[in-house]
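Reading through the structure tokens given below for one structure.
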Amino acid sequence: VNMNINRRAQLIEEERKLATWLGGDECVLTHANHIVPGPDTKKTVLASYPGSGKRFTFNVIEALTDHAPGDDHDFSGNGAEVLHLKTGYPHNDGTWSWGDSMDQVLLLIRNPRWAIPAYHTMRFELDFSTNFAQSYTRLPFVMTGRPDVETWRTWRDNHFEDQLAAWVEHLTFWMDGDDEHCGVDLDCYPKAVVDFDRFYQEHPSTEFYKIGKLFDATDNVEVIDRQARACILDAVYMDKSLHHGNRDGNGPPPSFKKFTAPQLDAMIVAVTALRDKYSSGSFAEDPVAQSLVDILDDYIKQDFAEFEYESEAL
526 VNMNINRRAQ LIEEERKLAT WLGGDECVLT HANHIVPGPD TKKTVLASYP
576 GSGKRFTFNV IEALTDHAPG DDHDFSGNGA EVLHLKTGYP HNDGTWSWGD
626 SMDQVLLLIR NPRWAIPAYH TMRFELDFST NFAQSYTRLP FVMTGRPDVE
676 TWRTWRDNHF EDQLAAWVEH LTFWMDGDDE HCGVDLDCYP KAVVDFDRFY
726 QEHPSTEFYK IGKLFDATDN VEVIDRQARA CILDAVYMDK SLHHGNRDGN
776 GPPPSFKKFT APQLDAMIVA VTALRDKYSS GSFAEDPVAQ SLVDILDDYI
826 KQDFAEFEYE SEAL
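Quick note: the sequence shown, position 71, residue 596 per my numbering, numbers continuous.
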């Protein structure tokens with residue numbers, strides 16, 4: 526690999542930041558350090574369909590825990606001996622690379638209405654790479670721009686069905702645990718489900734408190750003082766270099782990436798089926814499943830409102 530590309534990719538990872546609390550409502554973001562957790566420390570996988578906000582979420586988790594993360598393709602160079610690791614598995618852009626070194630799952634989800642277009646933007650920045658080497662050489666271009674609307678429409682119409690199916694498969698994989706890894710390498714059932722768009726805001730939300738509560742209850746993990754957490758969230762949110770980079774102003778905004786009415790209808794049908802599944806049977810009394818149901822209900826309402834609007838425009 527070209528050493529200049531290698532260094533630029535490394536610098537991108539070094540831009541990830543941790544937090545220092547100065548007391549009261551003052552805090553600063555400082556550069557991350559890789560700390561190998563002890564043998565009795567419970568380690569967390571952050572799982573999400575690509576394009577669902579892992580970058581922002583991991584910057585917040587770093588700031589809360591003062592531990593730099595790993596990733597399933599090890600672009601960070603931190604390996605699997607980390608407190609938390611992000612993955613897109615079982616999506617074909619993800620891989621189960623950590624063996625049995627992780628202990629619990631935090632599931633991050635996003636309405637497919639927004640996750641699929643965000644995934645397309647990432648694929649565009651990676652020049653639609655098909656292997657690790659190609660993706661690695663394109664890392665310096667991540668978070669640098671968005672494709673034009675016509676490029677989106679062409680890709681959308683060629684890939685909508687398979688990516689909606691991949692979004693559904695990702696969610697059901699972690700909720701159902703139907704895989705050779707689950708129960709052997711890791712308890713795949715998530716300890717919490719977080720919706721990215723509820724979480725991605727300047728001030729603390731229910732989703733932010735879910736994350737704090739999870740790490741507060743995680744064995745041998747030290748979390749920054751509760752009084753500092755709102756300050757830390759605000760600091761990460763306001764530093765757009767950590768999660769949007771140079772996308773804003775380079776290409777059309779996300780709202781320009783639309784779906785057709787039949788595509789929105791297919792989304793609603795798929796999400797409704799998931800909502801009904803996790804509302805019943807053994808899931809009916811499970812708090813994690815019911816948290817997911819509440820999120821999916823919101824997706825259905827949002828997508829149906831857009832579906833009605835697009836249908837009226839026909």
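Where is the CB? At the ideal position from N, CA and C, for every residue including glycine.
- With respect to the C-alpha of Ile793, the residue from Leu758, Phe832, Val813 and Asp811 having the closest C-alpha is Phe832.
- Note on geometry: alpha-carbon atoms of Phe581 and Ser805 lie some 32 Å from one another.
- With 16 or more other Cβ atoms inside 10 Å of its own Cβ, Met627 counts as buried.
- The beta carbon of Val796 is closer than 6 Å to those of Leu821, Tyr824 and Ile825 in its chain, skipping five residues each way along the sequence.
- Taking a C-beta distance under 8 Å as the contact criterion, Tyr574 and Met700 do not qualify as a contact pair.
- Partner residues in a beta bridge of Cys713, as assigned by DSSP, do not exist.
- Per DSSP, reduced to three states, the secondary structure at His609 is strand.
- When C-alpha distances from Lys567 are compared across Ser601, Tyr614, Leu631 and Cys552, the shortest belongs to Leu631.
- Distance from the CA atom of Lys783 to the CA atom of Thr679, rounded to whole angstroms, is 12 Å.
- Under the three-state reduction of DSSP output, Ala814 falls in the helix class.
- Sequence-distant partners of Thr590 (beyond 5 residues in either direction) whose C-beta falls short of 8 Å from its own C-beta, in its chain, are Leu608, His609, Phe740, Val746, Glu747, Val748 and Ile749.
- When only Cα atoms are considered, Ala755 and Gln726 end up about 11 Å apart.
- Taking each of Gly563, Glu675 and Val585 in turn and checking the Cα distance to Gly737, the smallest one comes out for Val585.
- Nearest neighbour of Asp596 by Cα position, chosen from Ser622, Asn683 and Glu686, turns out to be Ser622.
- For Ala742, no alpha helix (DSSP H) encloses it, and the DSSP letter there is neither H nor E.
- In the three-state reduction of the DSSP assignment, Gly737 falls in the helix class, which pools H, G and I.
- For Thr569, the enclosing beta strand (DSSP E) covers residues Thr569 to Ala572.
- Ranking Phe583, Thr569 and Ser836 by CA distance to the CA of Phe733 puts Phe583 first.
- Within a 10 Å sphere around the beta-carbon of His728 sit fewer than 16 other beta-carbons, which makes this residue exposed.
- DSSP lists no beta-bridge partner residue for Gln788.
- Contact between Leu696 and Val570 is absent: CB atoms are separated by about 15 Å, not below the 8 Å threshold.
- By the beta-carbon neighbour count (other beta carbons within 10 angstroms, threshold 16), Glu686 is exposed.
- Positions of the alpha helix (DSSP H) runs, each at least 4 residues long and wholly inside the stretch 642-685, are given as 657-662 in order along the chain.
- Val553 and Gly602 have their C-alpha atoms some 25 Å from each other.
- Cβ contact annotation for Pro777 (same chain, cutoff 7 Å, sequence separation greater than five): Arg671, Asp673 and Val674, in chain order.
- Note: Gly595 is bridge-paired with Leu610 in the DSSP secondary-structure output.
- Nearest C-alpha to Leu758 among Thr612, Thr731 and Val818: Thr731.
- From the listed residues Ala753, Gly702 and Asp599, the smallest Cα separation to Glu551 is found for Ala753.
- Assignment of Gln726 by DSSP, reduced to helix, strand and coil, places it in the coil class.
- With 16 or more other CB atoms across the displayed protein chains lying within 10 angstroms of its CB, Pro594 is buried.
- Inter-residue distance for His706 and Pro564 is about 21 Å (C-alpha atoms, whole angstroms).
- For the pair Val818 and Pro715, the CB atoms are not nearer than the 8 Å cut-off.
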